[in-house]
Amino acid sequence: MPDQGMLATAATSSASHDTSAMATGTSLPIAGAGLVGPGITSPPQPRLGADLLSPRARALHPSLTLGIAARAKQLKGEGRDICSLSAGEPDFDTPAFIRQAAAAALEAGHTRYGPAAGEPALREAIAAKLSQENGIPTRREQVMVTNGGKQALYNLFQVLLGPGDTVLLPAPYWLSYPEIARLAGASVTLLPCEASRGFRLDAAQLERAITPATKLLVLNSPGNPTGIVLARHELEAVAAVLRRHPHVAVVCDEIYEFLLAPGHQHHSLAAVAPDLAGRIFTVNGFAKGWAMTGWRVGWLAGAEPVIAAAAALQSQSTSNVCSFAQYGALAALEGSRDCVRAMADEFSQRRALLSRGLQAMAGVTLPTPEGAFYAFPDVSAYGLDSMALCERLLDAVGLAVVPGVAFGDDRCIRLSCAAAPATIEDGLERLQRFLTAL
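Those letters in the sequence shown? Residues 1004 to 1441, per the working numbering, in order.
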């Protein structure tokens, strides 16, 4: 693309070399506009901005959390005391041994292009983890490494879905699921799971929602934003429905696998129902369990033909995940899990602190979170939609939380316990003060 400064200089130079042209009305070449002069109309300038966007881009919904985040940043810049319980990532540093492994990989020269599907050693380690820890027999060819769990979902949806397909999505849901589905040309059918019944998915409700157009069911356990953990009997009930509908595939987002409240256990659907493993896809990554959100290393596992197609798609989009980051991820899988357990234990204490505080508030309904690091209380008794409540909460008492409408339930708000206990207690006090004043 020509340098605009050069074009401007050229235009100025032309004019200075022939000032008589202006006096006589002779047309001059103007950079980017063609010939203009008496009787000559300049062609329209290239369209710039929103009118250039494709229908696909126009259909995207911007994150509803951005307004709250921008307002919180503005208030903090003005000197306001802001307490944020909105974070969707661990507040811990990546463990030192993982950072050291990535640094060693850098020094060893792992800085070049790699296989689009991921480093073979990491794919082998992920396959071994799935086989040994999750009970899902997996070979390397059934695994690909992605730029975080989000790209794993994007790749999968792109190679499975198209116009006319429907995705079944229990609500509340992580806010990117419906957008990624629509980008693939599919439509989304929500399965409402209200706080009044613990945000649980009912198998009969699932069965009623399935149609010939249904292509994919999304399961997220432990769940964001609700913190629910699907028990084995719930997964068995889902599997029973799926056996009656062989055209429906499932993606299981297990990114919060290690973050469980005491007394709860993570189960993988492909292990609970091995006869369905050919149409179950597992998404996971290193972001939450190992505090590696910025590393962007996730994975997708499932039937080999689908993984091969997803890897081909990735080869034509982002290509391989950062090479040396993959060696850090390999160290995470092969190293001690003491760091994972320590972070999970800390989150359990914080989750309990946040839950107790919310459940003690009048007019607040909160099914006890069983995993992840969120609480998703129903605050509809106060008569405000979630966006209005969050905006007023920020302005009145300086507390930043996320409106539930972003997750498909306008009656709720999401609070994160990915913050120090003192910050959680401060946030609870501010919320109580605000609600009392309503």
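Ideal Cβ positions, reconstructed from N, Cα and C, are used throughout, including at glycine.
The model shown is predicted, which means the values in this text are computed figures rather than measured ones.
Next on the checklist: By alpha-carbon positions, which one of A1391, R1235, A1130, G1091 ends up nearest to R1142?
Outcome noted: Translated into positions along the sequence shown, residue 1142 becomes position 139. With distances taken between Cα atoms, R1142 lies closest to A1130.
Checklist entry - Looking only at DSSP bridge pairs, what is I1416 linked to? => result Numbered from 1 along the sequence shown, position 413 holds the residue referred to as residue 1416. I1416 is bridged to P1406.
Checklist entry - Hey, how far is the Cα of G1165 from the Cα of I1183? => result Mapped onto the sequence shown, residue 1165 falls at position 162. Mapped onto the sequence shown, residue 1183 falls at position 180. Cα to Cα, the separation comes out at about 12 Å.
Checklist entry - Do L1245 and H1270 have their C-beta atoms closer together than 8 Å? => result Sequence index remark: in the sequence shown, residue 1245 carries index 242 (1-based). Sequence index remark: in the sequence shown, residue 1270 carries index 267 (1-based). No, they are not a contact pair.
Next on the checklist: For F1284, report the span of its beta strand (DSSP E) as first-last.
Outcome noted: One-based indexing of the sequence shown puts residue 1284 at position 281. Its beta strand (DSSP E) spans residues 1283 to 1288.
Checklist entry - What are the residues that DSSP puts in a beta bridge with C1086? => result Locating residue 1086 in the sequence shown gives position 83, counting from the first residue. DSSP lists L1402 as partners of C1086.
Next on the checklist: What would DSSP say about K1079, mapped onto helix, strand or coil?
Outcome noted: As a working note, residue 1079 is residue 76 in the sequence shown. Of the three classes helix, strand and coil, the one that applies to K1079 here is helix, per DSSP.
Item to check | With 16 other Cβ atoms within 10 Å as the buried cut-off, status of L1357 | outcome: Position 354 of the sequence shown, counted from the start, is the residue given in the question as residue 1357. Buried.
Checklist entry - When DSSP labels each residue in this structure, what does M1295 get in the three-state scheme? => result In the sequence shown, the residue the question calls residue 1295 occupies position 292. Correct three-state label for M1295: coil.
Item to check | 8 Å Cβ cutoff met for N1227 and A1375 | outcome: Locating residue 1227 in the sequence shown gives position 224, where the first residue counts as 1. Locating residue 1375 in the sequence shown gives position 372, where the first residue counts as 1. Yes, these two residues count as a Cβ contact at 8 Å.
Checklist entry - For the beta strand (DSSP E) that C1255 lies in, which residues bound it at each end? => result Translated into the one-based positions of the sequence shown, residue 1255 becomes position 252. That run of the beta strand (DSSP E) goes 1252 to 1256.
Checklist entry - Who pairs with W1177 in a beta bridge, going by DSSP? => result Within the sequence shown, residue 1177 is the residue found at index 174, counting from 1. Bridge partners of W1177: none, in fact.
Item to check | T1426, DSSP secondary structure in three states | outcome: Start at 1 with the first residue of the sequence shown, and residue 1426 comes out as number 423. T1426: helix per DSSP, three-state reduction.
Item to check | Cβ-based burial, Y1385 [other Cβ within 10 Å; buried from 16] | outcome: Here residue 1385 corresponds to residue number 382 of the sequence shown, with the count starting at 1. Exposed.
Item to check | Contact under 8 Å by Cβ, G1151 with G1266 | outcome: In the sequence shown, residue 1151 corresponds to position 148, counting from 1. In the sequence shown, residue 1266 corresponds to position 263, counting from 1. Contact flag unset, no.
Checklist entry - What span of residues does the beta strand (DSSP E) with L1193 cover, start to end? => result Here residue 1193 refers to the residue found at position 190 when the sequence shown is read from its first residue. First-last of the beta strand (DSSP E) with L1193: 1190 to 1195.
Item to check | Coil, strand or helix - V1324 by DSSP | outcome: Position 321 of the sequence shown, counted from the start, is the residue given in the question as residue 1324. Correct three-state label for V1324: coil.
Next on the checklist: Assuming contact is defined by CB atoms lying nearer than 8 Å, are D1412 and A1174 in contact in what I supplied?
Outcome noted: For the purposes of this step, residue 1412 is identified with residue 409 of the sequence shown, where counting begins at 1. For the purposes of this step, residue 1174 is identified with residue 171 of the sequence shown, where counting begins at 1. Yes.
Next on the checklist: If contact is defined by three or more beta carbon pairs under 8 Å, each pair taking one atom from either stretch, is the segment 1305 to 1312 in contact with the segment 1321 to 1333?
Outcome noted: no
Item to check | Supposed contact pair V1253 and R1299 - C-beta distance, whole angstroms, cut 8 Å | outcome: Residue mapping note: residue 1299 aligns to position 296 of the sequence shown, counting from 1. Residue mapping note: residue 1253 aligns to position 250 of the sequence shown, counting from 1. Their Cβ separation, rounded to whole angstroms, is 25 Å, which puts R1299 and V1253 out of contact at 8 Å.
Checklist entry - In terms of residues, what are the limits of the alpha helix (DSSP H) holding N1158? => result The sequence position of residue 1158 within the sequence shown is 155, counting from 1. First-last of the alpha helix (DSSP H) with N1158: 1151 to 1163.
Checklist entry - What is the DSSP secondary structure of Y1330, reduced to helix, strand or coil? => result Start at 1 with the first residue of the sequence shown, and residue 1330 comes out as number 327. Note: Y1330 maps to helix in three-state DSSP.
Item to check | Through-space distance from L1172 to A1060, alpha-carbon basis | outcome: By 1-based counting over the sequence shown, the position of residue 1060 is 57. By 1-based counting over the sequence shown, the position of residue 1172 is 169. Approximately 22 Å between the Cα atoms of the pair.
Item to check | Contacts around A1274, its chain only, beta-carbon distance under 8 Å, and the 5 residues preceding and following it disregarded | outcome: Counting from one through the sequence shown, the residue named residue 1274 turns up at place 271. N1137, G1138, I1139.
Checklist entry - Closest by CA to Q1161, which one among E1257, P1181, V1405? => result Counting from 1 along the sequence shown, the entry for residue 1161 is found at position 158. Checking every option, the nearest Cα to that of Q1161 belongs to P1181.
Next on the checklist: If contacts are defined as beta-carbon pairs under 8 Å, then V1343 and F1261 qualify, I think. What distance do you get, rounded to the angstrom?
Outcome noted: Walking along the sequence shown from the start, residue 1343 turns up at place 340. Walking along the sequence shown from the start, residue 1261 turns up at place 258. Yes, V1343 and F1261 are in contact; Cβ-Cβ is about 5 Å, under 8 Å.
Checklist entry - Between the beta-carbon of V1442 and the beta-carbon of L1263, is there less than 8 Å? => result Residue 1442 lies beyond the residue range present for the chain, which begins at 1004 and ends at 1441; the question has no answer from this structure.
Checklist entry - Once you ignore the five residues that flank A1290 on each side, which residues in its own chain have a CB closer than 6 Å to its CB? => result Counting from one through the sequence shown, the residue named residue 1290 turns up at place 287. Hits under 6 Å: T1296.
Checklist entry - Hey, would you say L1272 sits closer than 8 Å to V1251, going by beta carbons? => result Residue 1272 sits at position 269 when you count from the first residue of the sequence shown. Residue 1251 sits at position 248 when you count from the first residue of the sequence shown. Result no, Cβ atoms of L1272 and V1251 do not sit closer than 8 Å.
Next on the checklist: If you measure between the beta carbons of V1367 and A1155, is that distance less than 8 Å?
Outcome noted: By one-based count along the sequence shown, residue 1367 stands at place 364. By one-based count along the sequence shown, residue 1155 stands at place 152. Contact flag unset, no.
Item to check | Cutoff 7 Å; reference T1371; Cβ partners in own chain excluding five residues on either side | outcome: As a working mapping, residue 1371 is identified with position 368 in the sequence shown. Hits under 7 Å: S1358.
Item to check | For T1149 and A1314, the rounded distance between their alpha carbons | outcome: Here residue 1314 refers to the residue found at position 311 of the sequence shown. Here residue 1149 refers to the residue found at position 146 of the sequence shown. Cα-Cα distance, rounded: 9 Å.
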